[in-house]
Ligand code: NAD
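In this note's numbering, the protein residues as written are -8 to 253.
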């Protein structure tokens, strides 16, 4: 299926690893030029080297998304190198785990700045360019937790709902400009972060990695975790010409884990 995004320009944040990297790779394979970001320069450079082999133009901007300066650098890099942004994929590192009484004021503020304000600031800078060009795709990365909260993840559960509210409201405001706004909400997806969490759990409980993996897989109807590429395919579809009539939605990609919700 031709997604119709050859030659488009995509900004992908938190793109050196995991879901962000898979999204960057998929969009590049479909012909989109990229501005990619993540915190550490070395990791970002190695991601850029891998993506460059695909043959599209890649510009990298390292920096922490919670800093306003990083957001401005991403926007400036896009404008200086390409003069426009067509696709904006808004991703960031996950908030620290913990229940309500395990996290403090500083954790709440850090989560708000990293996950919510970074996205808000990027949309504020980039959407006017999309409005001018009468074409845009804005895609937020949230989590299956927007359907049902996950125990011990108060920060993530809360901030994803705030992002969902922003996403839905933006979709109404931007629809007349031919800009769609959606969210992709992954279930358990096997990235470095999740691998690390499983290894930690195995150590803590005296089980093997395979046993912990089997336990987690058993709650997912397809009996396995998702692959980052499976999240990326859905993002790429939302970014496509064919998805022009799809806006204001959260697409849950979770191997059936949340099959009880509409
Ligand atoms: P990952 O650890 O594999 O990759 C995270 C990426 O984000 C890296 O490139 C890292 O450098 C970058 N990053 C982290 N904090 C950053 C910051 N402050 N500024 C700039 N870059 C930053 O993680 P992942 O599993 O791909 O998760 C990505 C997002 O998806 C997270 O918000 C996570 O909570 C969410 N999520 C993941 C899963 C899952 O099962 N993997 C499920 C639902 C939601």
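From the three backbone atoms N, C-alpha and C, an ideal C-beta is built for every residue, glycine too. Keep in mind that this is a model prediction, so the values were computed, not measured.
Residue interval of the alpha helix (DSSP H) (run including residue i)
i	result
residue 171	Careful: residue 171 lies outside any alpha helix (DSSP H), inside the beta strand (DSSP E) at 170 to 177.
residue 254	Shown here, the chain extends from -8 to 253; a query on residue 254 therefore has no answer.
residue 13	9 to 20
residue 203	200 to 208
residue 185	183 to 196
residue 251	Premise fails: residue 251 is in no alpha helix (DSSP H) and is neither H nor E.
residue 59	59 to 73
Delimiting residues of the beta strand (DSSP E) encompassing residue i
i	result
residue 31	Careful: residue 31 lies outside any beta strand (DSSP E) and carries neither H nor E.
residue 81	78 to 81
residue 154	Here residue 154 belongs to no beta strand (DSSP E); instead the alpha helix (DSSP H) covers 145 to 165.
residue 241	241 to 244
Residue i burial status per 10 Å Cβ neighbour count (16 or more: buried)
i	result
residue 158	buried
residue 259	The structure shown does not extend to residue 259, since the chain spans only -8 to 253, so no value can be given for it.
residue 151	buried
residue 163	exposed
residue 204	buried
residue 12	buried
residue 210	exposed
residue 29	buried
residue 245	buried
residue 156	exposed
residue 24	buried
residue 21	buried
residue 118	buried
residue 37	exposed
residue 200	exposed
residue 255	Outside the shown range of the chain (-8 to 253) lies residue 255, about which nothing can therefore be said.
residue 74	exposed
residue 235	exposed
residue 85	buried
residue 252	exposed
residue 121	buried
Any non-hydrogen atom of the ligand COA closer than 8 Å to residue i Cβ
i	result
residue 80	Among the ligands present in this structure, namely the ligand NAD, the ligand COA is not found.
Those residues which DSSP pairs with residue i across a bridge
i	result
residue 24	0
residue 49	25
residue 180	217
residue 54	Residue 54 pairs with nothing; no bridge assigned.
residue 89	144
CB contact check: residue i to chain C, cutoff 9 Å
i	result
residue 196	Among the chains of the structure shown, chain C does not appear; only one protein chain is present.
Q: Tell me, please, whether the stretch 69 to 82 touches the stretch -5 to 11 by the rule of three or more beta-carbon pairs shorter than 8 Å.
A: Cβ pair count under 8 Å is three or more, so yes.
(Q) As an exercise, report each continuous alpha helix (DSSP H) stretch of at least 4 residues that is fully enclosed by the stretch 103 to 132, in chain order. (A) Correct list: 109 to 124.
(Q) If contact is defined by three or more beta carbon pairs under 8 Å, each pair taking one atom from either stretch, is the stretch 45 to 62 in contact with the stretch 102 to 114? (A) Contact between the stretch 102 to 114 and the stretch 45 to 62 is present: three or more C-beta pairs spanning the two stretches fall below 8 Å.
(Q) Any contact between the stretch 32 to 42 and the stretch 81 to 99? By contact I mean 3 or more CB pairs, one from each, below 8 Å. (A) In short, these stretches do not touch, since the Cβ pair count stays below three.
Q) Can we say the stretch 191 to 207 touches the stretch 17 to 24, given the rule of at least three CB pairs closer than 8 Å? A) When Cβ pairs closer than 8 Å are counted between the two stretches, the stretch 191 to 207 is seen not to touch the stretch 17 to 24, the count staying below three.
(Q) With three or more C-beta pairs closer than 8 Å as the rule, is the stretch 169 to 179 touching the stretch 126 to 135? (A) Taking 8 Å as the limit for Cβ pairs, the verdict is that the stretch 169 to 179 does touch the stretch 126 to 135.
Q) When the Cβ atoms of the stretch 114 to 131 are set against those of the stretch 222 to 231, are three or more pairs found closer than 8 Å? A) Flag = yes, the stretch 114 to 131 and the stretch 222 to 231 touch.
Q) Can we say the stretch 141 to 156 touches the stretch 216 to 224, given the rule of at least three CB pairs closer than 8 Å? A) These segments do not touch.
**Q.** Sufficient close CB pairs (3 or more, under 8 Å) joining the stretch 50 to 58 to the stretch 98 to 111
**A.** Judged by pairs of C-beta atoms under 8 Å, the stretch 50 to 58 touches the stretch 98 to 111, as three or more such pairs exist.
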